[in-house]
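S.K.: One structure, as structure tokens, below. Some questions next.
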Ligand SMILES: [Zn+2]
Ligand SMILES: [Zn+2]
């Protein structure tokens, strides 16, 4: 998504508003964006650079880390990034983005902020009970008898860890 800042290029304090859609970034994981990212914001000429403030709204499908079922989620994140005119200089840190001419291309800025906003783990609902580490049944749907009703949460964590790494309690992979 590109924003024309021509009208405020030489006008400190000037603001350009924008809204539109940007193609969602490509990921190598199982996460799939189901729509382009909706972008709504403004660019302000600060006198030293251009400050972009925007709200990004995006949607994706992903598998629950506990029960492995696919679910949809919508998320929003706020962006505040600075853009400076001119080419990237050697040794420059990445505290701001670069642009040239009258056009600010928000593509990289949007992709980075969307990826940064994604959580470390994906759980379909906070109550998700996950799969039984013994028999593999989805405990949201049916309960099974192979796990004691009151399992120590610490122990369960360890158990899940063991089965993820392929050596379940009985030495067999769950896959
Ligand atoms: Zn789940
Ligand atoms: Zn079971």
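In my numbering, the protein residues as written are 294 to 468.
Glycine included, C-beta positions come from ideal geometry on N, C-alpha and C.
Kindly indicate which residue of 435, 346, 428, 339 has the alpha-carbon position closest to the one of residue 301.
M.R.: That would be 339, whose Cα lies nearest to the Cα of residue 301.
S.K.: Beta-carbon within less than 6 Å of residue 399's beta-carbon, same chain only, minus the 5 sequence neighbours each way: which residues are those?
M.R.: These residues qualify, in order along the chain: 294.
S.K.: State yes or no: is the C-beta of residue 357 within less than 8 Å of the C-beta of residue 403?
M.R.: For residue 357 and residue 403, no; Cβs fall outside 8 Å.
S.K.: On a CA-only basis, which of 322, 324, 395, 313 is nearest residue 330? Give me that one, please.
M.R.: Out of 322, 324, 395, 313, 313 has the C-alpha closest to the C-alpha of residue 330.
S.K.: Can you tell me the Cα-Cα spacing of residue 354 and residue 419, whole angstroms?
M.R.: Each residue's alpha carbon lies about 17 Å from the other.
S.K.: Indicate the three-state DSSP secondary structure (helix, strand or coil) for residue 467 in the structure shown.
M.R.: Only weak support is given to the placement of residue 467: the predicted model assigns it a pLDDT of 43, under 50, and the question is left unresolved by the model.
S.K.: Cβ of residue 333 within 8 Å of Cβ of residue 347?
M.R.: Their beta carbons are under 8 Å apart, which means residue 333 touches residue 347 by this criterion.
S.K.: What is the DSSP secondary structure of residue 299, counted as helix, strand or coil?
M.R.: Reduced to three states, the DSSP call for residue 299 is helix.
S.K.: Which value, in whole angstroms, describes the spacing of the CA atoms of residue 378 and residue 319?
M.R.: Near 27 Å, if we compare the C-alpha coordinates of residue 319 and residue 378.
S.K.: State the Cα-Cα distance for the pair residue 405 and residue 335, rounded to the nearest angstrom.
M.R.: Cα-Cα distance, rounded: 18 Å.
S.K.: Among 407, 326, 350, 376, which one has its Cα closest to the Cα of residue 363?
M.R.: Closest option to residue 363, Cα to Cα, is 326.
S.K.: Hey, out of 360, 298, 351, whose CA is closest to residue 414's CA?
M.R.: Nearest of 360, 298, 351 to residue 414, Cα basis: 360.
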